[in-house]
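Data block below; observations after.
Protein chains in written order, with this note's numbering: chain Y, 343 to 454; chain S, 3 to 114.
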């Protein structure tokens, strides 16, 4: 089992719709969770971090964390073509010096 | 505030040669991380510096890779001798606290 899993996609949504990105992780001791956005050929850009169970909203983005289910998600409301990118779920493991473990990423395409 | 910078942006070398990658973290960030993404795979942790000390080097693939951070400022990652499977994108990230990591643009390494 991979430590962080994501559907690779591509996920296609029409402009203005809600995009839902999902991630599961295997280490129950994980405490910190991140969503990075990566445009093709560019570096990962942090868009959300979440540490407690529940929802965290920042503009059009909402991160949701459920530690009991070892599940974290990212919702993008009013999706725009500029949101088209690969979204990386990342988890900090407490089992080995806080290193960040990345999922494989989900490719999102927002269709105008 | 200047972001994380990496040099070179691209490197093409032959198998058996040596390549040195450089990372300049954000000023004041004690934590510096190296990651690698090989084609089709997820971003993988290589190692973590706190100032000039190696906090965690569990992700270094083998002894052909040597990372240094003399003086606790910039870091270098040397691959000697390079092998075909070393091709990929090498990212550097830095953080002030061990949570939010800011990524550099990456160095794209191709070993022929």
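Note that CB positions come from ideal geometry on N, CA and C, so glycine has one too. As the structure is a prediction and not an experimental result, all values here were calculated from the model.
Taking the alpha-carbon positions, what's the residue i to residue j distance?
i: residue 451 (chain Y); j: residue 361 (chain Y); result: 9 Å
i: residue 349 (chain Y); j: residue 20 (chain S); result: 37 Å
i: residue 4 (chain S); j: residue 27 (chain S); result: 9 Å
i: residue 32 (chain S); j: residue 424 (chain Y); result: 33 Å
i: residue 46 (chain S); j: residue 61 (chain S); result: 7 Å
i: residue 389 (chain Y); j: residue 381 (chain Y); result: 13 Å
i: residue 394 (chain Y); j: residue 372 (chain Y); result: 11 Å
i: residue 30 (chain S); j: residue 6 (chain S); result: 11 Å
i: residue 421 (chain Y); j: residue 55 (chain S); result: 43 Å
i: residue 304 (chain Y); j: residue 85 (chain S); result: Outside the shown range of chain Y (343 to 454) lies residue 304 (chain Y), about which nothing can therefore be said.
i: residue 410 (chain Y); j: residue 87 (chain S); result: 38 Å
Please name the residue, chosen from the options, that lies closest to residue i on a Cα-to-Cα basis.
i: residue 91 (chain S); options: S:107, S:84 and S:82; result: S:107
i: residue 378 (chain Y); options: Y:441, Y:420, Y:416 and Y:454; result: Y:416
i: residue 1 (chain S); options: Y:454, Y:443 and Y:453; result: Only positions 3 to 114 of chain S appear in this structure, which leaves residue 1 (chain S) out of reach.
i: residue 53 (chain S); options: S:43, S:71, S:37 and S:36; result: S:71
i: residue 36 (chain S); options: S:97, S:113 and S:112; result: S:97
i: residue 66 (chain S); options: S:80, S:14, S:9 and S:94; result: S:80
i: residue 111 (chain S); options: S:58, S:57 and S:13; result: S:13
For a contact defined as C-beta to C-beta under 9 Å, what are the partners of residue i on chain S?
i: residue 444 (chain Y); result: 37, 39, 44, 45, 46 and 47
i: residue 447 (chain Y); result: 44 and 45
Could you tell me if the beta carbon of residue i falls within a distance shorter than 6 Å of some heavy atom in the ligand FMN?
i: residue 383 (chain Y); result: Of ligands this structure carries none, so the ligand FMN is not represented either.
For residue i, go through chain Y and note every residue whose CB falls closer than 9 Å to its CB, in chain order.
i: residue 93 (chain S); result: 385 and 386
Using Cβ-Cβ distances below 9 Å, what residues of the stretch 383-395 of chain Y are close to chain S? Within the stretch 383-395 of chain Y, the qualifying residues are 383, 384, 385, 386, 387, 388, 391 and 393.
Contact residues within the stretch 98-113 of chain S, judged by C-beta distance below 9 Å to chain Y: Those residues of the stretch 98-113 of chain S placed with their C-beta closer than 9 Å to a C-beta in chain Y are 100, 101, 102, 103, 104, 105, 106, 107, 108 and 110, ordered along the chain.
Could you list the residues in the stretch 61-76 of chain S with a C-beta less than 8 Å from some C-beta on chain Y, going in chain order? Listed by position along the chain: 61.
Kindly provide the ranges of any beta strand (DSSP E) runs that are 3 or more residues long and lie completely inside the stretch 376-429 of chain Y, ordered along the chain. Taken in chain order, the whole beta strand (DSSP E) runs of length 3 or more contained in the stretch 376-429 of chain Y are 387-392, 396-400, 403-408 and 413-418.
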